[in-house]
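Comments concern the structure below.
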Amino acid sequence: PLAPTPRLRPRLLNPRPGKLPLESIQVVLEELRKNGNLEWLDKNKTSFLIMWKRPEEWGKLIYQWVSKNGLTNSVFTLYELASGDDTENEEFHGLDEATLLRALQALQQEHKAEIITLDDGRGVKFF
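To convert, take the position in the sequence shown, counting from 1, and add 11; that gives the numbering used here.
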């Protein structure tokens with residue numbers, strides 16, 4: 012038998028280039044969810060958030076920075092944590108507010124922080 016020409020080979024290996032079967036996509040998404048890297052945003056599971064790090068991992072990084080700098084019992088605005096000069100060299104600098112809140116909620120569950128309401132928005136107190 013003749014070998015497939017290079018032009019035909021990709022079609023033989025993947026009849027629909029760039030398209031995974033729905034079942035394969037569902038397996039990948041479920042695995043991400045199990046690992047804590049995916050959160051469904053609606054009940055019908057049509058919208059989701061994929062996170063590079065789980066909220067607990069971000070929380071751990073933030074708390075390590077707080078502890079390393081002797082900042083327990085301090086209050087910070089969310090802006091100071093994500094965009095302040097003091098966190099400029101930290102991995103969590105520039106984190107979007109939704110992910111930051113998830114990380115702080117994880118710390119709150121561990122009794123390491125409390126999310127508080129300030130005059131100009133939200134903040135957090137570390138313990």
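Where is the CB? At the ideal position from N, CA and C, for every residue including glycine.
Model, not experiment: these values are computed from the prediction.
With distances taken Cα to Cα, identify the nearest neighbour of residue i among the options.
i           : options             : result
residue 115 : 50, 81, 74 and 63   : 74
residue 84  : 30, 135 and 29      : 135
residue 138 : 121, 42 and 40      : 121
residue 40  : 127, 59, 111 and 96 : 59
Would you kindly report the start and end of the unbroken beta strand (DSSP E) that includes residue i?
i           : result
residue 134 : 132-137
residue 110 : Not the beta strand (DSSP E): residue 110 falls in the alpha helix (DSSP H), residues 108-120.
residue 129 : 124-129
Check the DSSP bridge columns for residue i and list the partner residues they point to.
i          : result
residue 60 : 50
residue 36 : Partner(s): none; residue 36 has no beta bridge.
residue 88 : 134
Grab the span of the alpha helix (DSSP H) containing residue i for me, first residue to last.
i          : result
residue 67 : 66-79
Give every residue of the same chain whose Cβ lies closer than 6 Å to the Cβ of residue i, excluding the five residues on either side of it in the sequence, and list them in chain order.
i          : result
residue 70 : 114, 117 and 118
residue 76 : 101
So residue i packs on residue j, CB below 8 Å; how close in whole Å?
i          : j           : result
residue 99 : residue 72  : That pair is no contact at about 14 Å.
residue 89 : residue 108 : 6 Å
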